[in-house]
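Take a look at the structure set out below.
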């Protein structure tokens, strides 16, 4: 099976072109094997790129634990580059179908290949049912109490294609986001689990975040997470409508436009190598 290894700010994926390949095992099982850092190729997720009747392609993404995800911001940028660089896009706009919906991605090319991608992530959702979360009420949840063995936090629920709970902390220096994130992901309030974003607000236009991803654990970057961080920060009066979100793997520029209510994510994607998996 031929594959392409790609990453968006270090959030890495194994992409398989389903126009050319046929899987010989279930995708969830393949994801667990090929994504293993020691015994496989190593990645945060497996992305299958299918034909689509609604878009330039259809993205199917499986986390390293084999669970299927509704969407992924960094994977969307990688898929857009994958499709664009193979000449399958119509101009500088790539459309990608995913479980969470249809995405439009504006490509900035350089030297004939895609360099930067601006993804329309759609409007963020804040109702508990969109996570889902076992919380009363229909409106935004801005201060959900979440207790771990060490502390009590207040979380903001946001769905930007996948569910997130955003937690603002005074500083991320020395903060054990992995242990805290693991506990919160497994909180019974979230029957399907949840992505956990810890955020330090440096300035209204400059946010620093670390993300514990559902099904993957700590990652160097998370596009849906950065989008959720900006939406939660603006909704709670901590940020402007646009900001740079700094993740361990680099920076994403996020804008929540008032004109259409959609969140836009701007960032790079990189092809690392191609190979064969047997």
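Residue numbers (the working numbering): 144 to 421. No residue lacks a Cβ here, since even glycine has one placed at the ideal position from N, Cα and C.
Nearest-angstrom Cα separation, counted from residue j out to residue i
i           : j           : result
residue 229 : residue 421 : 24 Å
residue 380 : residue 246 : 28 Å
residue 376 : residue 163 : 43 Å
residue 203 : residue 165 : 14 Å
residue 308 : residue 244 : 21 Å
residue 378 : residue 277 : 21 Å
residue 291 : residue 321 : 12 Å
residue 258 : residue 156 : 17 Å
residue 175 : residue 299 : 31 Å
residue 285 : residue 306 : 14 Å
residue 333 : residue 241 : 22 Å
residue 328 : residue 273 : 16 Å
residue 392 : residue 335 : 27 Å
residue 212 : residue 255 : 31 Å
residue 207 : residue 399 : 30 Å
residue 172 : residue 219 : 22 Å
residue 413 : residue 260 : 11 Å
residue 275 : residue 301 : 10 Å
residue 189 : residue 182 : 15 Å
residue 161 : residue 417 : 15 Å
residue 236 : residue 193 : 18 Å
residue 201 : residue 231 : 12 Å
residue 222 : residue 191 : 9 Å
When the options are compared against residue i, the one with the closest alpha-carbon
i           : options               : result
residue 403 : 206, 263, 172 and 180 : 263
residue 287 : 269, 303 and 354      : 269
residue 340 : 255, 296 and 226      : 296
residue 366 : 265, 172 and 232      : 265
residue 210 : 226, 369 and 169      : 169
residue 345 : 313, 336 and 374      : 313
residue 226 : 271, 208 and 249      : 249
residue 368 : 160, 382, 347 and 397 : 397
residue 154 : 388, 324 and 187      : 187
residue 199 : 280, 239 and 374      : 239
residue 311 : 205, 350 and 370      : 350
residue 215 : 195, 304 and 342      : 304
residue 326 : 355, 347, 318 and 348 : 355
residue 348 : 191, 319 and 388      : 388
Cross-strand partners of residue i (DSSP beta bridge)
i           : result
residue 159 : 191
residue 314 : Paired residue(s): none; residue 314 is not in a bridge.
residue 428 : Only positions 144 to 421 of the chain appear in this structure, which leaves residue 428 out of reach.
residue 241 : 244
residue 383 : Per DSSP, none; premise fails for residue 383.
residue 409 : 261 and 396
residue 203 : 191
residue 236 : 233 and 249
residue 341 : 310 and 353
Cβ-based burial, residue i [other Cβ within 10 Å; buried from 16]
i           : result
residue 362 : buried
residue 411 : buried
residue 316 : exposed
residue 158 : buried
residue 167 : exposed
residue 224 : buried
residue 252 : exposed
residue 419 : exposed
residue 151 : buried
residue 180 : exposed
residue 324 : buried
residue 197 : exposed
residue 233 : exposed
residue 294 : exposed
residue 281 : exposed
8 Å contact criterion, which residue i and residue j should meet: CB distance rounded
i           : j           : result
residue 352 : residue 372 : 5 Å
residue 390 : residue 409 : Going by Cβ atoms, the distance from residue 390 to residue 409 rounds to 14 Å, so no, they are not a contact pair.
residue 148 : residue 415 : 4 Å
residue 217 : residue 386 : Going by Cβ atoms, the distance from residue 217 to residue 386 rounds to 18 Å, so no, they are not a contact pair.
residue 283 : residue 406 : Actually they are not in contact, since the Cβ atoms of residue 283 and residue 406 sit about 15 Å apart, beyond 8 Å.
residue 357 : residue 330 : Contact doesn't hold; Cβ gap of about 12 Å is too wide.
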